[in-house]
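For reference, the structure is listed below as structure tokens.
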Amino acid sequence: MIHDVNLWPLIGVAVIIAGFILRFNPMLVVIITAIVTAFAAGFPVDKMLATIGTGFIKTRNLPLIILLPLAVIGLLERHGLRQHAQDWISRIKSATAGRLLLIYLGARQLTAAIGLTSLGGHPQMVRPLLAPMVEGTAEVRYGKLPEHIRHKLRAYCAATDNVGLFFGEDLFVAFGAIVLMTTFLHEAGIDVEPLRVAVWGIPTAICAFVIHAWRLNRLDKMLARELEQLEPTNLTVGAASAAAKGV
Amino acid sequence: MILSIQHLYYLVGAILVITAGMTLADASHPKRYSSALFWGLYALVFLIGERLPPIWVGVGVVVMALIAGFGGVGAGHHRARSAAQYLASAKRLGNRLFMPALAIPLVTVIGTLSAKYLSVGGLPLIDPKNTTLVSLGIGCVISFGLACWLTQESPVQGIRESRRLTDALGWALVLPQMLGMLGLVFSDAGVGKAVAFATTSYINMDIRFVAVAVYVIGMALFTVVMGNGFAAFPVMTGGVGVPILFGVYHGDPAVMAAIGMMSGYCGTLLTPMAANFNIVPAALLELPDKNAVIRAQVPTALTLLLANVFLLNFLMFR
Numbered sequence: 003m004i005h006d007v008n009l010w011p012l013i014g015v016a017v018i019i020a021g022f023i024l025r026f027n028p029m030l031v032v033i034i035t036a037i038v039t040a041f042a043a044g045f046p047v048d049k050m051l052a053t054i055g056t057g058f059i060k061t062r063n064l065p066l067i068i069l070l071p072l073a074v075i076g077l078l079e080r081h082g083l084r085q086h087a088q089d090w091i092s093r094i095k096s097a098t099a100g101r102l103l104l105i106y107l108g109a110r111q112l113t114a115a116i117g118l119t120s121l122g123g124h125p126q127m128v129r130p131l132l133a134p135m136v137e138g139t140a141e142v143r144y145g146k147l148p149e150h151i152r153h154k155l156r157a158y159c160a161a162t163d164n165v166g167l168f169f170g171e172d173l174f175v176a177f178g179a180i181v182l183m184t185t186f187l188h189e190a191g192i193d194v195e196p197l198r199v200a201v202w203g204i205p206t207a208i209c210a211f212v213i214h215a216w217r218l219n220r221l222d223k224m225l226a227r228e229l230e231q232l233e234p235t236n237l238t239v240g241a242a243s244a245a246a247k248g249v
Numbered sequence: 002m003i004l005s006i007q008h009l010y011y012l013v014g015a016i017l018v019i020t021a022g023m024t025l026a027d028a029s030h031p032k033r034y035s036s037a038l039f040w041g042l043y044a045l046v047f048l049i050g051e052r053l054p055p056i057w058v059g060v061g062v063v064v065m066a067l068i069a070g071f072g073g074v075g076a077g078h079h080r081a082r083s084a085a086q087y088l089a090s091a092k093r094l095g096n097r098l099f100m101p102a103l104a105i106p107l108v109t110v111i112g113t114l115s116a117k118y119l120s121v122g123g124l125p126l127i128d129p130k131n132t133t134l135v136s137l138g139i140g141c142v143i144s145f146g147l148a149c150w151l152t153q154e155s156p157v158q159g160i161r162e163s164r165r166l167t168d169a170l171g172w173a174l175v176l177p178q179m180l181g182m183l184g185l186v187f188s189d190a191g192v193g194k195a196v197a198f199a200t201t202s203y204i205n206m207d208i209r210f211v212a213v214a215v216y217v218i219g220m221a222l223f224t225v226v227m228g229n230g231f232a233a234f235p236v237m238t239g240g241v242g243v244p245i246l247f248g249v250y251h252g253d254p255a256v257m258a259a260i261g262m263m264s265g266y267c268g269t270l271l272t273p274m275a276a277n278f279n280i281v282p283a284a285l286l287e288l289p290d291k292n293a294v295i296r297a298q299v300p301t302a303l304t305l306l307l308a309n310v311f312l313l314n315f316l317m318f319r
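Line by line, the protein sequences are chains W and D. In this text, residue positions in the first sequence follow my numbering: the first is 3, and each later residue adds one. In this text, residue positions in the second sequence follow my numbering: the first is 2, and each later residue adds one.
If you want it as structure tokens, here you go:
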């Protein structure tokens, strides 16, 4: 049994969970957690600030993928990219929100599995193209969407991109995670082929596809149920006038 | 090498300096000075961050967090075009509008795949350590030129549009980096060891299925806390995977690693700590509920996690 483990830093975990549950501003939650954790580990103030500073510099690559495409996406939106994406998809009569997302899920998973992870992504694919198209297909079918449905569809677009990426990229042998896993096991005295790790990811990847595909199918049913109820007046009026005409 | 990630930092720094300048010059901005200070400090991190003493950077990060945390980062006024103008543009440009949007991922993929072969005078054109990100940068620059040419807009208008979207994202843009920083503080402070100790010392692992479930669910929970499956993997695999699943029950380590990491990704779907995947898209898609993307993922993640417990139990001990 290990006895020299300092359990005080766990306070940091408690702080961040409490902060997110109580819905305090995430920026404040994070900085307070960082400070509390550093104090709990016995860091003096200068070391605490230096750890925060070094950590922030080391993670500078994270916002690049979001920030760099913004100018292009903004310009294209100014010139009607979203409208055109909706117009374009509306010509495909068999398209539904769920089916479109299903195709995207499959394509995202397969391209990620052969290493093409950057073919998707939230700033460069979901906001300018996928979300407008999914909203467009629903609008063609059901007319103007209520805000909560529109938001739900957008959340599903982002979620589908994530599921496709996560459970696709791990099947790619040269992906960082596979390297990390085999290196870690090697240091623990176990040697496994990277390809074997990649192959054994396939059952989970298939489950991820099936589970999410089933939920996308339910999304279509939910849309049909909720949105067809919105216009029962039109339908009954239509039926009544048809009955009055004796059709 | 000729193009490195450092060049992208300068590019992003320059965009942020202009954003800060435009904010400062925007007299109608409700939080003009605090927002400009926020973006200005952030720009400095990219322009001269590696040359500053880490303590100063730490002070800057705390100041940024306080500005954002107390509501000091706001959006300026951006004039939207009329619906008719959008439609007229969309009609005029048609499918050509897709070209610059698709050029970004296309150039990124081409750059990533061909980076090995691109060299000038023996020097690699693209930094071999960051091929994807540098290719993304090149893709964005090429695509920006294409978009300006296509829409007949000036690059200044492009920067204005970039600022419009940056304003819409607000501090959420900085959150992934804040959480990345927190992850490093956690590992420096030994949080990983403490969590592994706490999860492994109070559960009876004499039943094989329980040990499997602890490993799978522990990976997910730890990822929820750290926001990153890569941080959880060494801790759970070192604490439970190698000593118990492999050491005691002689399971197949390749299956253990593969399904273990994927269980970590189930955790990624559930946590605001994975800001780049969950919180930023909510802001980017202008969703009022910051947790809307997580909500859409919870059923998929939990069902898959349950499936993973059984998959690992049956596949690891074939």
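The beta carbon of each residue, even a glycine, is placed where N, CA and C say it ideally should be.
| Asked | Found |
| --- | --- |
| Amino acids of chain W, ordered along the chain, whose beta-carbon sits closer than 7 Å to that of SER115 of chain D | None at all; the shortest Cβ gap to chain W is about 13 Å. |
| Cβ contact (3+ pairs, closer than 8 Å) linking the segment 155-171 of chain D and the segment 133-140 of chain D | no |
| Whole-angstrom distance between ILE3 of chain D and LEU84 of chain D, CA atom to CA atom | The question names Leu, yet the displayed sequence has Ala at residue 84 of chain D. Each residue's Cα considered, the two are about 44 Å apart. |
| Pair within 8 Å by beta-carbon distance, TRP10 of chain W and ALA52 of chain W | no |
| PRO129 of chain D (DSSP reduced to helix, strand or coil) | helix |
| Member of D:ALA197, D:GLY123, D:LEU176 and D:VAL211 whose CA lies at the smallest distance from the CA of ASN63 of chain W | D:LEU176 |
| Interface partners of ASP48 of chain W on chain D, CB under 7 Å | ILE56 |
| Buried or exposed (CB count within 10 angstroms, at least 16 for buried), ARG93 of chain W | exposed |
| Beta-carbon separation (whole angstroms), ALA253 of chain W vs ALA87 of chain W, contact threshold 8 Å | Look at the range of chain W in this structure, 3 to 249, and you will see that residue 253 of chain W is not part of it. |
| Alpha carbon of ALA207 of chain W to alpha carbon of VAL236 of chain D, nearest angstrom | 23 Å |
| Rounded Cβ spacing between THR162 of chain W and LEU107 of chain W (contact assumed at less than 8 Å) | 5 Å |
| Among D:HIS79, D:THR167 and D:SER35, the one whose alpha carbon lies nearest that of ILE68 of chain D | D:SER35 |
| Cut-off 6 Å between Cβ atoms - residues of its own chain near MET50 of chain W, not counting five sequence neighbours on either side | ALA40 |
| Anticipated Cβ contact below 8 Å, PRO134 of chain W with ARG84 of chain W, distance rounded | 4 Å |
| Outcome for THR109 of chain D when other beta-carbon atoms lying within 10 angstroms are tallied against a minimum of 16 | buried |
| Three or more C-beta pairs below 8 Å linking the segment 271-288 of chain D and the segment 221-231 of chain D | yes |
| Under 7 Å from the C-beta of MET262 of chain D: neighbouring residues of chain W | ASP172, ALA179 and MET183 |
| Opening and closing residue of the alpha helix (DSSP H) in which ASN254 of chain D lies | Note that residue 254 of chain D is Pro in the sequence shown here, rather than Asn. Unbroken alpha helix (DSSP H) run through PRO254 of chain D: 254-269. |
| Outcome for GLY188 of chain W when other beta-carbon atoms lying within 10 angstroms are tallied against a minimum of 16 | With the sequence shown as reference, residue 188 of chain W is identified as His, and Gly is not the correct amino acid for it. With fewer than 16 Cβ atoms within 10 Å of its Cβ, HIS188 of chain W is classed as exposed. |
| Spatially closest choice to LEU218 of chain W from W:ILE37, W:TYR158, W:HIS153 and W:TRP90, by CA coordinates | W:TYR158 |
| Short-range partners of chain D found in the segment 4-18 of chain W, where Cβ spacing is below 7 Å | ILE4, VAL7, ASN8, LEU9, PRO11, LEU12, GLY14 and VAL15 |
| Spatial neighbours of VAL128 of chain W in its chain, beta-carbon cut-off 7 Å, leaving aside the 5 residues before and after | CYS159, ALA160 and ASP163 |
| Closer than 9 Å at the beta carbon, the chain D residues around PHE168 of chain W | GLY230, MET263, TYR266, CYS267, THR269, LEU270 and PHE278 |
| Chain D within 8 Å of GLN111 of chain W, Cβ atoms only | no |
| For VAL58 of chain D, the first and last residue of its enclosing alpha helix (DSSP H) | 55-70 |
| Where ALA308 of chain D meets chain W, residues with beta-carbon distance less than 8 Å | THR206, CYS209 and ILE213 |
| Candidates W:THR119, W:ILE116, W:VAL32 and W:ASN27, of which the one nearest VAL186 of chain D by Cα | W:VAL32 |
| Contact with chain D by GLY82 of chain W, beta-carbon distance below 8 Å | yes |
| Interfacial residues, the segment 184-197 of chain W to chain D, with Cβ spacing under 8 Å | THR184, PHE186, LEU187, ALA190, ILE192, VAL194 and GLU195 |
| ALA308 of chain D in three-state terms, based on DSSP | helix |
| Where VAL249 of chain D sits in the DSSP three-state scheme | coil |
| Range covered by the alpha helix (DSSP H) that runs through VAL18 of chain D | 6-26 |
| The segment 186-220 of chain D: positions lying closer than 8 Å to chain W by Cβ | VAL186, PHE187, ASP189, ALA190, GLY191, VAL192, LYS194, ALA195, VAL196, PHE198, ALA199 and SER202 |
| Whole-Å CB distance - TYR87 of chain D paired with LEU48 of chain D, under 8 Å assumed | With a Cβ gap of about 36 Å, TYR87 of chain D and LEU48 of chain D do not count as contacting. |
| Residue environment, LEU287 of chain D, which counts as buried when at least 16 other CB atoms sit within 10 Å | The question names Leu, but residue 287 of chain D is Glu in the sequence shown. Burial call: exposed. |
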